[in-house]
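What follows is a single structure, written as structure tokens, with notes after it.
Number of protein chains: 2
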Amino acid sequence: MGITTKDLAQLCGVSRTTVHRALHGGGRIHPDTKEMILHMAKEYDYQPDLLARGLVKGRTYYIGVVVLDVQNRYFSGMLNTISREASKRGYYINITLHDGDQQQERDQLTRLAAYHMDGIILSSVNEGEAYREFLNSLGMPIVSVDNKIADGIPFVSIDQRQAMAEAVQLVLEKGYERIVFVCPAMQTKGAQNIYVHQERRKGFEEARKGHPQVEVQYLLDWSYLDHIEGLTRDAKRTAFLCTADDFALEIMKQMREKGKNPPVDYGIVGFDNIDTLKYISPKLVTISNSVDRVSAAAVNLLFQLIEGKREACGQENTMCEILPFELMEGETI
Amino acid sequence: MGITTKDLAQLCGVSRTTVHRALHGGGRIHPDTKEMILHMAKEYDYQPDLLARGLVKGRTYYIGVVVLDVQNRYFSGMLNTISREASKRGYYINITLHDGDQQQERDQLTRLAAYHMDGIILSSVNEGEAYREFLNSLGMPIVSVDNKIADGIPFVSIDQRQAMAEAVQLVLEKGYERIVFVCPAMQTKGAQNIYVHQERRKGFEEARKGHPQVEVQYLLDWSYLDHIEGLTRDAKRTAFLCTADDFALEIMKQMREKGKNPPVDYGIVGFDNIDTLKYISPKLVTISNSVDRVSAAAVNLLFQLIEGKREACGQENTMCEILPFELMEGETI
DNA sequence: ATGAAAGCGCTAACAG
DNA sequence: CTGTTAGCGCTTTCAT
């Protein structure tokens, strides 16, 4: 393709080592030689071969990012933040998708390791001890976002349970008599990042305990849209509590077609605060997952691991960061 | 990190070449030796170093994708399609963002070239002869999406002009008396993929020619939202023709706050058919950019260039594909 | 101040 | 059927 250091050396009548010194400033080199070499380098548009450099240096200044899907608003926000944070530090990112497939996630990770990524940010659909072993075997710094994979794997997240509990609190304060908990994601084990949904559900269960007078219904599979209307036919004031904004949007869309809208006909709360919401009316009550902050924190943590060589996968002290969330006001409750 | 072929050779008491043969099946090798080596490879979880392989083979089975931003619905759709199409063929993608910055785009491309990507899919904010030179100097197959960069650079797109012309036709048929052409993207040269907007504008100009009785207004800068209301105060039936759905959504949002909604108070048409629209009511009339088809075609074209070695950057015959678009029915006109 | 030589891990051409 | 050798392009150590 382009010109190599060998070619440059020949053109300048010096050795490759000298060329290297001119380009990187190591050791003593005569100013004139240096200038001449740099001039030639520019002249012939020398570009270092990054594969070769990576091979010998053992680092590539790349961080690998493995997520489910770029089309998901949540992930695309994350990728933007990660990309910018990384490039501030002179790193680039290599984005790959696992599409919710557990094996694909493993494959992507081994490939990224084989390409000598300096670190990994991972939104996993795997978990457990065996997977921890696997991750450790890759021998590279890894930070998990949202998902607690296993003890010893650093992760960054918000307090999902607490967030959901506050949502429940809000709904109860408004006097709703029936809560429908919507979480179809749990059905497809492995095809979603189910950990966060599990946590949200736990938060829900804890919060409802103190309020036995409130009726609770669950919609836990992908046919949830078929049951929405039946649940809003009687006089009981009903609120839908969804573990993701997407579910809430689908419900609102379907109800609107029947001429029913929140907060008059029913109440509804989402989760994540995806930015599609800014175009939606009425404004959905939701919880901001603070994707920017979570992503930025993940990058920071990863760089500590990479550069400070802070025990990447220490068994004892799981490094994790729990960040604040925010209950977003809206018009649907 | 892991084990190398050298280690394996030592462990098995053979040469590295034999190990290589066992793993890749070239040449004659004794079945027993092969089995033994493969067994050992599994045992010690051998993973080839992809940097080293790329260095020697000159190919990485990676294609680089350079786009403005992942958060833009249009690009995220594109990335999903490209990723899936590529992995069907055993390739992976390396996604990088240029954030609308012309220099950053160049930098990303040179870096991707330095990493020996086998090909590039590019949504550019650059254009012209000088840039063509630059792209050619990279010496790798490149396909541009949407944007005709220069003669000789293959590209894939829909017929933007024709699409916009049809939108104009539709608006006129509905009897609107004033058309407001909304295209703030043109203002920030270099910060958007302005080529497509230019084309759309040309399509608009051509289509309006035959209809001098219709009043035409332009909103061509980012303060467009400030002028919306003034344009809908009189009795004239007004339609907004936007060069992107995002602009249309912003307008609808603002108007809704004033209690005005399409199609009663005004008409509005978007462009791109981003998938956020499915949650929006009333349903926006728009033009489907067929992002899936465009992306898939781009990947196909790129693979023809990569594998068939079809003249990557032939001056004479620009390889381009113009795909069909679709005018999407809706309720806002 | 400069150069020679070795090596990263893999592949490929040529011997035996 | 197997091994030896050379080389991808870069960095690094040790000599001069």
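Top line first, the protein sequences correspond to chains Y and D.
Count the first sequence with the numbering used here and you get residues 1 to 333, in order.
Count the second sequence with the numbering used here and you get residues 1001 to 1333, in order.
C-beta: ideal position from N, C-alpha, C; glycine also.
Interface with chain Y (9 Å Cβ-Cβ cutoff): D/T1332 is excluded. At a cut-off of 9 Å, the C-beta of Y/Y131 has no neighbouring C-beta in chain D. Under the DSSP definition of a beta bridge, D/N1094 partners with D/G1064. In the displayed model, D/E1329 falls within coil according to three-state DSSP, outside both helix and strand.
When only Cα atoms are considered, D/F1303 and D/I1093 end up about 13 Å apart. When C-alpha distances from D/A1297 are compared across D/R1028, D/S1144, D/S1076, the shortest belongs to D/S1144. Collapsing the DSSP output to three states places Y/C12 in a helix. In this structure, the alpha-carbon of D/I1149 lies about 24 Å from that of Y/Q47.
Y/I280 belongs to the set of residues whose beta carbon lies under 9 Å from a beta carbon in chain D.
Sequence-ordered contacts of the stretch 93 to 106 of chain Y with chain D read N94, I95, T96, L97 [C-beta pairs closer than 7 Å].
Counting only residues of its own chain and dropping the five nearest sequence neighbours on each side, Y/R89 has a CB closer than 7 Å to the CB of F303. Only buried fits Y/Q108, as 16 or more other CB atoms lie within 10 angstroms of its CB.
Residue pairing by DSSP places Y/C183 in no beta bridge whatsoever. Sequence-distant Cβ neighbours of Y/V196 in its own chain, meaning closer than 6 Å and more than five residues away, are D146, Q160. By the Cβ-count criterion, Y/P31 is exposed, with fewer than 16 other Cβ atoms from all chains shown falling within 10 Å of its own Cβ. For D/T1238, the enclosing beta strand (DSSP E) begins and ends at 1238 to 1242. Of the other Cβ atoms in all chains shown, 16 or more fall within 10 Å of the Cβ of Y/R200; this residue is therefore buried. In this model, Y/T81 and Y/L323 are separated by some 16 Å (Cα to Cα).
Look at D/D1272 here: in three-state DSSP terms it is strand. DSSP places Y/L220 outside both helix and strand once states are collapsed to three, so it counts as coil. Its Cα nearest to that of Y/A165, the residue Y/T243 stands out among Y/D118, Y/T60, Y/T243. Taken through DSSP and simplified to helix, strand or coil, Y/V70 comes out as coil. The beta-carbon of Y/R111 is placed less than 9 Å from the nearest beta-carbon of chain D. For Y/F181, same chain residues with a beta-carbon under 6 Å away, outside a window of 5 residues either side, are F204, Y218, L241 in chain order.
Three or more Cβ pairs closer than 8 Å define a contact, and the stretch 126 to 143 of chain Y falls short of that threshold against the stretch 263 to 279 of chain Y. Within chain Y, no C-beta atom comes less than 8 Å from the C-beta of D/D1292; the nearest is roughly 11 Å away.
For D/D1069, the CB contacts under 7 Å within the same chain, skipping 5 residues up- and downstream, are F1075, L1097, D1099 in chain order. Membership of Y/G54 in the alpha helix (DSSP H) is indicated by the continuous run 50 to 57. For D/T1276, the chain Y residues whose C-beta falls within less than 7 Å of its own C-beta are T276, Y279, listed in chain order.
Residues of the stretch 46 to 65 of chain Y that bring their beta carbon within less than 7 Å of a beta carbon in chain D comprise Q47, P48, D49, L50, L51, A52, G54, L55, in sequence order.
Going by DSSP, Y/E35 is part of the alpha helix (DSSP H) stretching over 31 to 43. DSSP, reduced to helix, strand and coil, places Y/G119 within a strand of the structure shown. Only residues of its own chain outside the window of five on either side were considered, and among them E1250, I1251, Q1254 have a CB closer than 8 Å to the CB of D/L1225, listed in chain order. Closer than 9 Å to the CB of Y/H116 there is at least one CB belonging to chain D. The Cβ of D/N1080 sits closer than 9 Å to at least one Cβ of chain Y.
Shown here for D/Y1044: same chain residues with a beta carbon closer than 6 Å to its own, the five before and five after excluded, namely I1003 in chain order.
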